[in-house]
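From first to last, the protein sequence lines stand for chains A and B.
The number in the working numbering is simply the position in the first sequence, starting from 1, with 485 added.
The number in the working numbering is simply the position in the second sequence, starting from 1, with 12 added.
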Amino acid sequence: MYEHLETAKRTENLKRIVVDPVSRVEGHGKVTLMLDENNMVQQARLHIVEFRGFERFIQGRPYWELPVLVQRLCGICPVSHHLAAAKAIDQLVGVDPVNLPVTADKLRRLLHFGQVLQSHALHFFHLSSPDLLFGFESDINKRHIVAVLAEYPDIGVQGVMMRKYGQEVIQTICGKRVHGTGAIPGGMNKSLSTVERDNLLQNIDQIIDWSISSVELIKKVHCSNLPYYDDFATIRSNYLGLIKPDGALELYHGGIRAKNDKGETIIDHVDYCRYNSYIHEEVRSWTYMKFPYLLSLGQQNGWYRVGPLARVNNCDFINTPMAEAARLEFKAHSGEAMVHSTLAFHWARLIETLHCAESIKALLNDPDILGQDLLTQGEKRYEGIGVIEAPRGTLFHHYQIDENDIVTKANLIVSTTSNNMAMNESVRQVAAEYLSGRELTEPLLNNLEVAIRAYDPCLSCATHAVGKMPLQLELIDAEGNLIDKLIKHGNGQVERNCVS
Amino acid sequence: MTSKIRVATTSLAGCFGCHMSFLDIDERMLKLVEVVEFDRSPINDIEHCSSNCDIGLIEGGVCNSENVHVLREFRKNCKILVAVGACAINGGLPALRNFVPLEECLAEAYLDGIGVENPQIPSDPELPLLLDKVRPLHEVVKIDYYLPGCPPSADVFWKFLTDLIAGSEPSLPYELVHYD
Ligand code: SF4
């Protein structure tokens, strides 16, 4: 679609525009554009500029440290990393997911529903709702949760309380809201008491109600400006994620399903332990984030999207009634087998939020959740692979150990990495369709920002970033002279510095 | 009304867990913003610290040249600079890479990893230079306060900030100082 814009044939005579948030040091990406003399975009790239080196430095550590070590990749979805690592090390002690004690399995699921609920609430209310409520090109002074709390207190408070509830689920099971401990090889380290269960049950109906009204809210926002929401940054892509054996939406454990842009199956119910026969990652020189793709389709066409949009697109149904009703409405609005609208990520995310709330209630009411049988063990193995649907998409953890239980090899494919090509493609779409040939203006900043934010406003797992994108643009001519500069100040003023 | 206390926050080589823990003050945020105004922070779109910030909260250590720039910007513009969490105080988990040569970390991710195609070490001039080691903040600038924990709990943030805002020397009771 827009691949031709990834690398310009010749860059000598192009103007380079760098969309460089200071925040890139928060792990941010930055966007660079190369323009010809008519301001036509010839190249557009999202660079991920941070590197940690986890895969190497966890080698030499004992495997049982992994769930607490690797969760420090990301403080926003630590539980997902914790559980993906736990699923991998279950295998190292000879336990496959089907053999996990029922209570341990359900506690982990409850924990993960809490994680997805809090992360989705954070993404939508704290980070994205200012754009959606005030407009993509609104005053910078309004583009944060504090302004939402001031002007839409009901919505703002609802977001804060929904996130709080998810965090409380996590704290109840893991002891801490961020970076607790819960899963251990072959099970869980603590059961849930009746008192704890009853505490969580107290507020769940309120959370379900709020989740329903959030779905209504995003539907209203999306449909009030349908053509724009359906087209902006939209790309046709493949979709990948885990799926239950019966085709239902799944967040904790399942086989891999991938569908193409027409909704035709590429692979289905593939055992994720064989992921390496299906997915490889390509390295490109201009970013630290790799580019995963499906081997069968090749580097050019094999890229795919993950996350809420992929999951809601891929599943045959959702096994909780209210989320399923919301899904049907969501699918019907587009009239296509797959919904490709990038901004529809938000809608899908809130459908999943509702699914999490419904599922938490069901699990809390399930007598198994109070069980005491938490741990099992089998025969030692030397390789373990754990895959989970993190809030932002499919997350792969793969470890090998030696006879002394020391990690010798590790491979992590974090969710945001799988969306790397898609985010670049969306950036290129916006550059080509909305910016190309136009003069450098302030909304340009926002358009690129909004495109990336739909995927994940914090590129956290891969890059440890949150929030915003560009606020300073420089236009440099082919000789390297600064010819134009836009700065967005803290007070929201946009200043233009024409140097020549 | 007296003007609000300006608080800036950022994450360097951290995981955002400290920021999440700050947000974990939940509805107390409504009270906080009555007296606090956020300056540069990941939760808003302000890109640079204004010159009159009162408090700067920094999570994460220093792992590349950009981290150094941002840290200096904070020191220059914030009256009180706070190292938040294990990473800021001593490098934390990312500093595990200090025991391995940087080239080996890069090679593992981009040359020898499982399923890696087109192996090469990303080297574009757009990418900031990595430091050989991950450093704690106080090796680069002067730090006024340290909030321990990975992450410090929401109550630590609350106690620390409300003490400071009230104009008293912050003190953390024993129960609030956690190490894993
Ligand atoms: S101290 Fe812990 S929570 Fe804070 S940034 Fe470092 S790893 Fe994350």
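C-beta atoms are modelled at their ideal positions from N, C-alpha and C, and glycine is treated no differently.
A quick note: this is a predicted structure, and the numbers were derived from the prediction, not measured.
CB contact check: residue i to chain B, cutoff 9 Å
i, result
"A/Asn761", "yes"
"A/Gln691", "no"
"A/His831", "no"
"A/Cys559", "yes"
"A/Tyr940", "no"
"A/Glu535", "yes"
"A/Leu956", "Confidence at A/Leu956 is low in this model, with a pLDDT of 37, below 50, so its placement is unreliable and no value can be given for it."
"A/Met646", "yes"
"A/Val872", "no"
"A/Phe542", "yes"
"A/Val564", "no"
"A/Gln652", "yes"
"A/Lys953", "A caution first: A/Lys953 carries a pLDDT of 30, below 50, which makes its placement in the model unreliable, though a value can still be read off. By this cut-off, A/Lys953 is an interface position."
"A/Asp696", "Residue 696 of chain A is actually Ser in this sequence, not Asp. Not an interface residue."
Unbroken beta strand (DSSP E) run spanning residue i, endpoints
i, result
"A/Ser762", "No beta strand (DSSP E) contains A/Ser762, which DSSP labels as neither H nor E."
"B/Leu69", "Cys65 to Glu71"
"A/Arg742", "Gly740 to Lys744"
"A/Ile574", "A/Ile574 -> not in any beta strand (DSSP E); alpha helix (DSSP H) instead, spanning Pro563 to Leu577."
"B/Glu39", "B/Glu39 -> no beta strand (DSSP E), and no H or E assigned at all."
"A/Asn723", "Asn723 to Ile728"
Whether residue i touches residue j by CB criterion (9 Å)
i, j, result
"A/Leu617", "A/Ile697", "no"
"A/Leu794", "A/Tyr724", "yes"
"A/Val797", "A/Glu735", "no"
"A/Arg541", "A/Ala606", "no"
"A/Val580", "A/Gln862", "yes"
"A/Tyr487", "A/Gln914", "yes"
"B/Ala100", "B/Leu24", "yes"
"A/Gly726", "A/Val791", "yes"
"A/Tyr919", "A/Val534", "no"
"A/Lys645", "A/His611", "The question names Lys, but residue 645 of chain A is Val in the sequence shown. Yes; because the gap between Cβ atoms is below 9 Å, this pair is in contact."
"A/Glu636", "A/Phe619", "yes"
"B/Leu118", "A/Gly538", "yes"
"A/Leu602", "A/Ile658", "no"
"B/Gly68", "A/Asn896", "no"
"A/Tyr760", "A/Ile692", "no"
Per-residue contacts from residue i into chain B (C-beta, under 9 Å)
i, result
"A/Glu767", "Val128, Glu129 and Asn130"
"A/Gln784", "Glu129 and Asn130"
N-terminal and C-terminal residue of the alpha helix (DSSP H) that residue i is part of
i, result
"A/Arg834", "Ala829 to Leu849"
"A/His597", "Val587 to Ala606"
"A/Asp715", "Leu711 to Asp716"
"A/Val791", "From DSSP, A/Val791 is part of no alpha helix (DSSP H); its letter is neither H nor E."
"A/Gly783", "Gly783 to Asn786"
"A/Cys659", "Pro638 to Cys659"
"B/Ser23", "First-last for B/Ser23: Ile17 to Ser23, but that is the beta strand (DSSP E), not the alpha helix (DSSP H)."
"B/His81", "Ser77 to Asn89"
Residue-level contact to chain A via CB, residue i, 9 Å cutoff
i, result
"B/Arg147", "no"
"B/Arg84", "no"
"B/Arg87", "no"
"B/Pro185", "no"
"B/Cys90", "no"
"B/Gly29", "yes"
"B/Pro140", "yes"
"B/Gly26", "yes"
"B/Gly104", "yes"
"B/Ala95", "no"
"B/Ser165", "yes"
Proximal chain B residues relative to residue i, where beta-carbon distance stays under 8 Å
i, result
"A/Asn896", "Gly125, Ile126 and Gly127"
"A/Ile764", "Gly127"
"A/Thr517", "Glu138"
Cβ distance (whole Å) where residue i is taken to contact residue j below 8 Å
i, j, result
"A/Thr588", "A/Ser676", "7 Å"
"A/Arg662", "B/Asp36", "5 Å"
"B/Leu83", "B/Val152", "5 Å"
"B/Pro131", "A/Val768", "6 Å"
"B/Ser62", "B/Asp51", "6 Å"
"A/Pro586", "A/Ala571", "So it is not a contact: roughly 13 Å between Cβ atoms."
Under 7 Å by beta carbon: chain A residues contacting residue i
i, result
"B/Ile177", "None at all; the shortest Cβ gap to chain A is about 16 Å."
"B/Tyr158", "Residues of chain A passing the Cβ test: none, with the nearest at roughly 18 Å."
"B/Leu42", "Leu634"
Neighbour list for residue i in chain A, Cβ cutoff strictly below 9 Å
i, result
"B/Ser15", "The contacting residues do not exist; B/Ser15 stays about 14 Å from chain A at best."
"B/Pro111", "It is Phe, not Pro, that sits at residue 111 of chain B in the sequence shown. Residues of chain A passing the Cβ test: Phe542 and Gly545."
"B/Leu108", "Gly538, Phe539, Phe542, Ile543, Arg546 and Leu554"
Partners in chain B for residue i, counting only beta-carbon separations shorter than 7 Å
i, result
"A/Tyr773", "Pro134 and Leu139"
Closer than 8 Å: residue i CB and nearest ligand 2 heavy atom
i, result
"B/Ala100", "This structure lacks ligand 2; the ligands present are ligand 1."
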